[in-house]
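K.L.:
The numbering of the sequence shown is the numbering used here, which starts it at 177 and goes up by one.
Cβ coordinates follow ideal geometry from the N, Cα and C atoms, glycine included.
Remember, it's a predicted structure, so these values are computed and weren't measured experimentally.
My questions will all concern the structure given below.
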Amino acid sequence: MEIEEKDKNYLFHPMTNLAAHEQTGPPMTVVSAHGSTVTDRAGRDYLDAMAGLWCVNVGYSHPEMADALREQTLKLPYFHAFSSMGTDLPAQLSERLIEMAPVPMSKVFYGNSGSDANDTQAKLVWYYNNVLGRPEKKKIISRRRGYHGVTVLSGGLTGFKNLHDGFDLPLPMIRHVRPPHGLWEREPGQTDDEFATALAVELERFIINEGPETVAAMIAEPVMAAGGVIVPPETYFPKIQEVLRRHDVLLIADEVVNGFGRLGVPFGSNAVNMQPDLMTVAKGITSAYVPLSAVLVSDRIWQVMLEGSAKYGSFGHGYTYSAHPLAAAAAMKNLDIIERDGLVAEVARKGELLSELLHAAFADHPNVGEIRGRGLMAAVEFVESREPLRPFAAQGAFAGAVYQGALAEGVITRALPAADTVSFSPPFVVTESELERMVAGVRTGLDRAVEAQRKA
Ligand code: PMP
177 MEIEEKDKNY LFHPMTNLAA HEQTGPPMTV VSAHGSTVTD RAGRDYLDAM AGLWCVNVGY
237 SHPEMADALR EQTLKLPYFH AFSSMGTDLP AQLSERLIEM APVPMSKVFY GNSGSDANDT
297 QAKLVWYYNN VLGRPEKKKI ISRRRGYHGV TVLSGGLTGF KNLHDGFDLP LPMIRHVRPP
357 HGLWEREPGQ TDDEFATALA VELERFIINE GPETVAAMIA EPVMAAGGVI VPPETYFPKI
417 QEVLRRHDVL LIADEVVNGF GRLGVPFGSN AVNMQPDLMT VAKGITSAYV PLSAVLVSDR
477 IWQVMLEGSA KYGSFGHGYT YSAHPLAAAA AMKNLDIIER DGLVAEVARK GELLSELLHA
537 AFADHPNVGE IRGRGLMAAV EFVESREPLR PFAAQGAFAG AVYQGALAEG VITRALPAAD
597 TVSFSPPFVV TESELERMVA GVRTGLDRAV EAQRKA
C-alpha cells in the first residue's frame, strides 16, 4: 500500500476536513526539509513561509540540534520530575528562562504543548484563588480571535467559534471580549490611543458587570498570531493592565508564538509593554524539534502556591513528560544557536525587508485591506472592497484561494481561519532572496485567486 493510502485509511488528521480527506488523502507528503525549504515525495521543493506552524525558528534539520539530541539520547533519554526528582538539563533550562524572561519571574513549570500549558495556567489561577480563600474568583477573560489551544479548557479560551462548535465549548467560566483589530473594530476617525482607551473602558465595564470578585485572570497573546497577526496599539496593554490591576485580575501572556525572538525582540511582552503575572511559552523554545512548553510564574503567585502546600499537600498537577530531559536538551541547544548567531537581531532586520516587500507587492491592490506585522511575523488581510470597507461574504474562502495559488508556486503560507488573511512566519534563518520568492509566490497566488473569482 502506498503511504498516501495508509494516511488516508488510518491517520486521523488534526484541523482537517475529515470527509474531504477521506476522498483526497494528503495533498503532499513532506519527506525532508532543510533551512526554510521542505521537499515532498515527488522531489518538489517548497519554501516554508510559516516555519511549520510558526515554530521551526532555527530552520529545519540543523546539524547541531541533531548532535545535541543524539548525545542526550545516549546519556539520559528520560527521567521524570515527580516527587522532587531532579535531572540536569531541565534545572539549567529553568535558570536560563528565568534569567531571560521579559519581566521578573520566579519558577518554571513544564508541559508538552501550548494547549496543556494554558490549561496549567487556568489551574494555577484557580489554585491561587482557592489558597487565598476566594473560591468565587475563577472566571478567565480571553479575546475573540485569540488562540490559546484546543484542550477542554484552552479550546474555550481560544476565541474562534469554529473550534467551539461541536465540542460544547467554552466551559462556563470563560468570557470573551473585543480584540484590538483596528481594521474592523476601530471607529472611523479614532486614533490608536483613543481605540486603546475605548477597549480598556469596555473591559472595565465588562469586569464590573461580571463582578470583579468573580474574575480571576485575563489571557492574551502580545501580538495575536492565528487570529490574523494583530499588533495592538502601543498604549493598549498599559491601559488594559491598569484596569486589571484595579480589579485584582491576573494577566497571563501567551508567548507561544511571540516568544524567543519572533518579533525581532526577545519576547512579545517586550514589544507591546506587557507586564504579565504568568507567561506561557512553547513552539520556539525548541524550534519544535521536540515538543515542549513552559509556564513561567511570578513571585507573587509563587508565594501563594507555597502556602498551598499547607492547605492541599503535594501539588496535584504534572505530566509524565514534565521537565523531559530530551526536550530540555533541544531547548538549550536551540537557545544557544539563537544567541550565538544573533538571530533575534536578524529577525528585526529581515522583518523590515519583509514589510517593505509586502507593501511593494500588495499595498495598491483593491482586495487588500491591511498589511501588518512585526519582525518575521506578518499578514495580509483581504477584503471584497476597500471603499466602502467590506469583507468577503464567505469569510476565509478568498484567503484559502490565495493560499492554494501560492502553494502551486511552491510557497507554503497559511490562510488563517478567523479572517481572510494569509500569514508569514518564516524561519529566522530565511535568506533575503527566499523572502523575495515567498512574497512573489503569494502575490501570484493573489492574482490567481482574483482570476478564479472573475471566472466564477
Ligand atoms: N497559544 C498560541 C498563541 C498558539 O499559537 C498556539 C498554537 N498555534 C497555542 C497556544 C497552542 O499550542 P499547541 O498547538 O502546542 O497546543
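Would you mind giving the Cβ-Cβ distance between Gly484 and Gly460, rounded to the nearest angstrom? I have them listed as a contact below 8 Å.
P.N.:
With 8 Å as the limit, Gly484 and Gly460 do not qualify as a contact, their Cβ atoms being about 31 Å apart.
K.L.:
Going by DSSP, name the residue or residues bridged to Leu427.
P.N.:
Met394, per the DSSP bridge assignment.
K.L.:
For the region 346 to 374, which segments carrying the beta strand (DSSP E) assignment without a break, of at least 3 residues, lie completely within its bounds, in sequence order?
P.N.:
As far as the region 346 to 374 is concerned, its whole beta strand (DSSP E) runs of at least 3 residues are 350 to 353.
K.L.:
Less than 7 Å between the beta carbons of Tyr323 and Ala372, yes or no?
P.N.:
It is not a contact, given that the beta carbons lie outside the stated cut-off.
K.L.:
Check Met614 in the structure and name its three-state DSSP category.
P.N.:
Met614: helix per DSSP, three-state reduction.
K.L.:
Can you give me the Cβ contacts of Ala524 inside the same chain, cut-off strictly under 8 Å, excluding the 5 residues immediately before and after it?
P.N.:
Hits under 8 Å: Gly440, Val441, Gly551.
K.L.:
Going by beta-carbon coordinates alone, are Asn305 and Ala392 separated by less than 7 Å?
P.N.:
Result yes, Cβ atoms of Asn305 and Ala392 sit closer than 7 Å.
K.L.:
Which first and last residues belong to the alpha helix (DSSP H) in which Gly572 is found?
P.N.:
Element bounds for Gly572: n/a, residue is neither H nor E.
K.L.:
Per DSSP, what kind of secondary structure is Thr456 in: helix, strand or coil?
P.N.:
Three-state DSSP puts Thr456 in a strand.
K.L.:
Could you pull out every residue in the same chain whose Cβ sits closer than 6 Å to the Cβ of Arg320, ignoring the five residues on either side in sequence?
P.N.:
Contacts found: Gly335, His352, Pro355.
K.L.:
For the region 278 to 293 against the region 450 to 460, do three or more pairs of beta-carbon atoms, one drawn from each stretch, fall closer than 8 Å, so that the two count as touching?
P.N.:
Touching, per the Cβ criterion.
K.L.:
By the three-class DSSP mapping on this structure, what secondary structure does Lys314 have?
P.N.:
DSSP places Lys314 in coil when its eight states are reduced to three.
K.L.:
Between the Cα of Gly228 and those of Asn543, Ser599, Gln629, Arg422, spot the shortest distance and give me the residue it belongs to.
P.N.:
Answer by Cα proximity: Ser599.
K.L.:
According to DSSP, is Glu545 helix, strand or coil?
P.N.:
The residue you asked about is not Glu; residue 545 is Gly in the sequence shown. Note: Gly545 maps to strand in three-state DSSP.
K.L.:
Please say whether Ser498 and Thr226 have beta carbons closer to each other than 7 Å?
P.N.:
Just to set this straight, residue 226 is Met in the shown sequence, not Thr. No, they are not a contact pair.
K.L.:
Under the assumption that Asp221 contacts Thr215 (Cβ atoms under 8 Å), give the Cβ distance between them as a whole number of angstroms.
P.N.:
Their Cβ separation, rounded to whole angstroms, is 5 Å, which keeps Asp221 and Thr215 in contact under 8 Å.
K.L.:
For Gly211, list the residues DSSP reports as bridge partners.
P.N.:
Looking at the DSSP assignment, Gly211 forms a beta bridge with Tyr236.
K.L.:
Can you pull the DSSP bridge partners for Thr597?
P.N.:
In the DSSP output, where bridge partners are listed per residue, Thr597 has Glu557, Leu592.
K.L.:
Between which two residues does the beta strand (DSSP E) carrying Pro287 extend?
P.N.:
Rather than Pro, the amino acid found at residue 287 in this sequence is Gly. Looking at the DSSP string, the run of the beta strand (DSSP E) that includes Gly287 is 283 to 287.
K.L.:
When the distance is taken between beta carbons, is Val556 closer than 7 Å to Phe538?
P.N.:
The answer is yes: Cβ separation under 7 Å.
K.L.:
Locate the beta strand (DSSP E) running through Val471, then write down its first and last residues.
P.N.:
Where Val471 is concerned, the enclosing beta strand (DSSP E) stretches over 469 to 473.
K.L.:
Below 8 Å on the Cβ atoms is my guess for Glu312 versus Glu389; work out the distance and round it to an integer in Å.
P.N.:
Yes, Glu312 and Glu389 are in contact; Cβ-Cβ is about 6 Å, under 8 Å.
K.L.:
Assign Asp224 to one of three DSSP states: helix, strand, or coil.
P.N.:
Strand, per DSSP.
K.L.:
Hey, Pro202 and Asp183: beta-carbon distance below 7 Å or not?
P.N.:
Closer than 7 Å, so yes.
K.L.:
Check whether the Cβ atoms of Glu431 and Met455 lie closer than 7 Å to each other.
P.N.:
In this structure, Met455 lies closer than 7 Å to Glu431 by Cβ.
K.L.:
Return yes when at least one heavy atom of the ligand PMP lies under 6 Å from the C-beta of Tyr286, else no.
P.N.:
Flag unset: Cβ of Tyr286 not near the ligand PMP.
K.L.:
Would you decide whether Gly640 is buried or exposed? Buried here means 16 or more other CB atoms lie within 10 Å of its CB.
P.N.:
Since the first residue of the chain shown is 177 and the last is 632, residue 640 is not available in this structure.
K.L.:
Contact between the region 605 to 613 and the region 562 to 581 is defined here as three or more beta-carbon pairs at a separation below 8 Å; is this criterion met?
P.N.:
No contact exists between the region 605 to 613 and the region 562 to 581.
K.L.:
Thinking just about the alpha-carbon of each residue, which of Val466, Glu410, Gly435 is nearest to the one in Ala401?
P.N.:
It is Gly435.
K.L.:
Can you give the beta carbon distance from Gly175 to Val407, rounded, assuming they're within the 8 Å contact cut?
P.N.:
Past the boundaries of the shown model lies residue 175; the chain is included only from 177 to 632, so the question cannot be answered.
K.L.:
Mapping the DSSP letters down to three states, classify Arg272 as helix, strand or coil.
P.N.:
Helix.
K.L.:
Using CA coordinates, which residue listed in Thr205, Glu522, Leu592 is at the minimum distance from Arg217?
P.N.:
Looking at the Cα atoms, Thr205 is the closest of the given residues.
K.L.:
Using three-state DSSP, classify Val587 as helix, strand or coil.
P.N.:
In the structure shown, Val587 sits in a strand (DSSP, three-state: E or B).
K.L.:
Locate the alpha helix (DSSP H) running through Leu519, then write down its first and last residues.
P.N.:
Residues 519 to 538.
K.L.:
Alpha carbon to alpha carbon, how far is Lys314 from Val301?
P.N.:
Roughly 8 Å separates the two Cα atoms.
K.L.:
Within 8 Å, do at least three Cβ pairs link the region 491 to 511 to the region 238 to 245?
P.N.:
Yes, since at least three Cβ pairs between the region 238 to 245 and the region 491 to 511 fall closer than 8 Å, the two stretches touch.
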